[in-house]
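Chains as they are written, first to last, in this note's numbering: chain L, 1 to 307; chain B, 1 to 307.
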């Protein structure tokens, strides 16, 4: 693995910045609470013991109001709560957060703000989108996008290749136990915060929560995800202010439309040297010859049909 | 492909019923409304024209009340509405449905019942599960499961292998355009209704809607899905009364627990001859030698990380 990583990098070493491959947050697949060994049988009737991910309910409160119960692997409940509320538009840009109280035994998180909040009306009507943005009224969601225009940052293809290679080789719950989604906040060719969860929107919300907590800028970041580039994923990324979204997976037509409207650079079907860019082609800087990029190491290729 | 299919079947022909491989409903990947050709560039900067799935909002009403807006590929709006409402517990077993009115230009479906309905309270509190069961209060969801005990039907492994082989070779939007989930209602070794959608829960709800419309029994059926066997998927299957759930993908711990509690036979990680059964091992009937089952044809293997 090490030789291959070096080989990948040699090919475009001149083009990338120094390899600072330390994640700020990376998955910890061996954290005991996150997986459980379960016994069953295999196709031959022999005992089979496998590692499966844990799912736990986490009930999120905003001040005195119960908002939602999210099923999560439970690694970053505070970030999940903050990011969820922020991405649903219930926490505002200028809100002063006075506390984020996680009670493990009650499986709840309470986010408290200076501002008095009340979302009775908002909670009434829901949109089930392809990934279920609970709490977002469809009309509100599209309205929230009006006037959103992301900064036209250039995207070097060397960054994309470096990120994909680095992320695909990072130990993760996915590689250990399957059945999970990952999303990574990146800066240029460096992955920063890699979050996983059973629900992809949880992974993205945890990133949003971390960004909120650490007051991290969005306009110079790239979001890399394992999942499909649906309209909901595109909208979420745009609302977070991140101007580049990349994935191994495919697109939906509406996702592409929205990306083009808000100026999001959208790259999908990233496998080995291949990718397709359906929004922001003009912002791509081709600083590396694709033929020098190693094709995927099959061992590290993400397994089929994990959804 | 044909030779391979025959070869697969020869190995366990004695064990299966006659190959009635006609689906009642199968995907129609070339239906014009479901995909769109979109242009962009590839890694070499060359124009790339690819087929991507359409997503459309569909607003579902129950009588006079707007319930949710679902993002869907839009092939079976009536089944989606019926199945969604049924699976959310808003349509009851004995409800008399008087109309299902789909208005294409308004992108709405109204389901009308004899019974007066009102779900103000139910809509207030939501659970975001791994796949977002909008409208289901978490406590209600777990309560709804209390006392559920599925019929202990035997499951022949020959059926599972036949289904997987048949389904993986069926032309689908997935194979055409990616970015989509499929779930198939089956009986023994015969796939019956294969639904796809951008959101997996939509695919399952469409099946539930079809079952409701056609008054199809659940206790003798198998549900085969491309996605992970999360708690939500297990709960949904159990609430639909289907006693067997199978997937190529992995498990979550809670999904396994719930399956065991309600007596659901749970088979995952089905690839080629391999699988793992974590619930209902005693109900498996091994009527075929796994070594005679062909390993996966790589061409037909579902692509990585489509979520």
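We put the beta carbon where it would ideally sit given N, CA and C, even for glycine.
Residue j beta carbon less than 7 Å from that of residue i
| i | j | result |
| --- | --- | --- |
| residue 114 (chain L) | residue 96 (chain L) | yes |
| residue 234 (chain B) | residue 255 (chain B) | yes |
| residue 197 (chain B) | residue 73 (chain B) | yes |
| residue 248 (chain L) | residue 279 (chain L) | no |
| residue 219 (chain B) | residue 181 (chain B) | no |
| residue 155 (chain B) | residue 100 (chain B) | no |
| residue 276 (chain B) | residue 40 (chain L) | yes |
| residue 80 (chain L) | residue 212 (chain L) | no |
| residue 108 (chain B) | residue 170 (chain B) | no |
| residue 189 (chain B) | residue 159 (chain B) | yes |
| residue 163 (chain B) | residue 221 (chain B) | no |
| residue 253 (chain B) | residue 56 (chain L) | no |
| residue 195 (chain B) | residue 203 (chain B) | yes |
| residue 265 (chain B) | residue 225 (chain B) | no |
Per-residue DSSP class, three states only, for residue i
| i | result |
| --- | --- |
| residue 60 (chain B) | strand |
| residue 212 (chain L) | helix |
| residue 73 (chain B) | coil |
| residue 23 (chain B) | coil |
| residue 34 (chain L) | helix |
| residue 40 (chain L) | strand |
| residue 291 (chain L) | helix |
| residue 270 (chain B) | strand |
| residue 217 (chain L) | coil |
| residue 195 (chain B) | strand |
| residue 182 (chain B) | strand |
| residue 252 (chain B) | strand |
| residue 235 (chain B) | helix |
| residue 247 (chain L) | strand |
| residue 107 (chain L) | coil |
| residue 115 (chain L) | coil |
| residue 166 (chain B) | helix |
| residue 204 (chain B) | helix |
| residue 66 (chain B) | strand |
| residue 96 (chain B) | coil |
Closer than 9 Å at the beta carbon, the chain L residues around residue i
| i | result |
| --- | --- |
| residue 186 (chain B) | None at all; the shortest Cβ gap to chain L is about 17 Å. |
| residue 286 (chain B) | 43, 44 and 45 |
Contacts around residue i, its chain only, beta-carbon distance under 7 Å, and the 5 residues preceding and following it disregarded
| i | result |
| --- | --- |
| residue 291 (chain B) | 273 |
| residue 295 (chain B) | 272 and 273 |
| residue 102 (chain L) | 77, 78 and 109 |
| residue 26 (chain L) | 170 and 194 |
Contacts of residue i in chain L (Cβ-Cβ under 7 Å)
| i | result |
| --- | --- |
| residue 50 (chain B) | 276 |
Nearest-angstrom beta carbon gap, residue j and residue i [assumed within contact, 8 Å]
| i | j | result |
| --- | --- | --- |
| residue 24 (chain B) | residue 193 (chain B) | 5 Å |
| residue 42 (chain L) | residue 48 (chain L) | 4 Å |
| residue 90 (chain B) | residue 199 (chain B) | Incorrect: roughly 18 Å between the Cβ atoms, too far for contact. |
Check: residue i C-beta below 6 Å from any heavy atom of the ligand ADP
| i | result |
| --- | --- |
| residue 85 (chain L) | In the structure shown, the ligand ADP is absent, as is every other ligand, since no ligand is present at all. |
Same chain, Cβ closer than 8 Å to residue i, five either side skipped, listed in chain order
| i | result |
| --- | --- |
| residue 63 (chain B) | 110, 111, 112, 113, 116 and 117 |
| residue 28 (chain B) | 34 and 75 |
| residue 145 (chain B) | 235, 238, 239, 258, 261 and 262 |
| residue 270 (chain B) | 160, 164, 246, 247 and 248 |
Partners in chain B for residue i, counting only beta-carbon separations shorter than 8 Å
| i | result |
| --- | --- |
| residue 252 (chain L) | 52, 53, 54, 55, 179 and 198 |
Chain-ordered neighbours of residue i on chain B, where CB pairs are closer than 7 Å
| i | result |
| --- | --- |
| residue 290 (chain L) | 43 and 44 |
| residue 231 (chain L) | 55 and 71 |
| residue 109 (chain L) | Within chain B, no residue comes near residue 109 (chain L); the closest Cβ sits about 13 Å away, beyond 7 Å. |
| residue 256 (chain L) | 38 and 52 |
| residue 273 (chain L) | 43 |
Close beta carbons around residue i, own chain, < 6 Å, minus the five adjacent residues each side
| i | result |
| --- | --- |
| residue 267 (chain B) | 246, 275 and 277 |
| residue 15 (chain L) | For residue 15 (chain L), the predicted model reports a pLDDT of 30, less than 50, meaning its position is unreliable; a value from the coordinates is still stated below. Correct list, in chain order: 158, 287 and 288. |
| residue 242 (chain L) | 218, 221 and 223 |
| residue 46 (chain L) | none |
| residue 143 (chain L) | none |
| residue 293 (chain L) | 161 and 273 |
9 Å Cβ cut-off: residues of chain B touching residue i
| i | result |
| --- | --- |
| residue 281 (chain L) | 40, 41 and 45 |
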